[in-house]
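Colleague:
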Amino acid sequence: MTRGIAVVTGGPAGLGRATVRELADRGWDVAVLARGEDGLAGAVA
Numbered sequence: 001m002t003r004g005i006a007v008v009t010g011g012p013a014g015l016g017r018a019t020v021r022e023l024a025d026r027g028w029d030v031a032v033l034a035r036g037e038d039g040l041a042g043a044v045a
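If you're matching positions, the sequence shown starts at 1 in the UniProt record's numbering and goes up one per residue.
So, in structure tokens, the structure goes:
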């Protein structure tokens, strides 16, 4: 089985956050990027 790997910018909010969650739900490994640490904890579960 092949797993996808994604890098998502703007992951803590909006479309970026929705993308992170969708990819993670589908089994992808996701790296989340943001301008600061605020909000990253909420984007990562």
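Each residue gets a CB set at the ideal place from its N, CA and C atoms; glycine is no exception.
Give a yes or no on whether the C-beta atoms belonging to Ala31 and Thr19 are separated by under 9 Å.
Modeller: Against a cut-off of 9 Å, the Cβ pair of Thr19 and Ala31 comes out as no contact.
Colleague: Since Arg3 and Asp38 should fall inside the 8 Å C-beta cutoff, what is the C-beta to C-beta distance between them, to a whole number of angstroms?
Modeller: Not really, about 29 Å apart at Cβ, beyond 8 Å.
Colleague: Can you round the beta-carbon distance between Val8 and Leu33 to whole angstroms, since I take them to be within the 8 Å contact cut?
Modeller: Indeed they touch by this definition, with Cβ atoms about 7 Å apart.
Colleague: Name, in chain order, the residues that DSSP records as bridge partners for Thr9.
Modeller: Paired residues: Leu33.
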